[in-house]
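Numbering of the sequence shown is given in UniProt numbering, commencing with residue 1 and proceeding in unit increments.
Backbone N, C-alpha and C fix where the C-beta goes; we use that ideal spot for every residue, glycine too.
Everything on this sheet refers to the single structure shown next.
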Amino acid sequence: MHIETGKYYAVKIINKRLMEGREHMIRNEINVLRKISQNHKNILSLVDYFETLNNLYLVTDLALGGELFDRICQKGSYFERDAAHLVRVIVEAVAYLHENGVVHRG
Numbered sequence: 001m002h003i004e005t006g007k008y009y010a011v012k013i014i015n016k017r018l019m020e021g022r023e024h025m026i027r028n029e030i031n032v033l034r035k036i037s038q039n040h041k042n043i044l045s046l047v048d049y050f051e052t053l054n055n056l057y058l059v060t061d062l063a064l065g066g067e068l069f070d071r072i073c074q075k076g077s078y079f080e081r082d083a084a085h086l087v088r089v090i091v092e093a094v095a096y097l098h099e100n101g102v103v104h105r106g
């Protein structure tokens, strides 16, 4: 939680020792997040990042929506209209990534 604003954020903690030899992957992730952040409502924004001797910390907006699978299960019935909306949201986000030269791999 940000002390002055009271806003909550998520922090991804990356152990540097576990990433030895793959530092380029982390730097690439930071560069991609900096490039795409702030411009699409369905893509988390990178707020800040910093490092200590042992760890790298990526601070992003906090997503409170939960897991997609859990939301589908909780809803019980899922109509074509609901699925079409969900697919549209995902495709728009992926299209935005592609327009910015980012290919998402799961």
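Annotation for residue 61: 9, 10, 44, 45, 47 place their beta carbon closer than 8 Å to its own, counting only its chain and skipping 5 residues before and after.
DSSP lists 57 as the bridge partner or partners of residue 13. Take the alpha-carbon of residue 86 and the one of residue 71: they are about 11 Å apart.
Residue 49 has 58 as its beta-bridge partners, per DSSP. Straight across, the Cα-Cα distance linking residue 36 with residue 88 is about 19 Å. Residue 25: member of the alpha helix (DSSP H) spanning 23–36, first to last residue.
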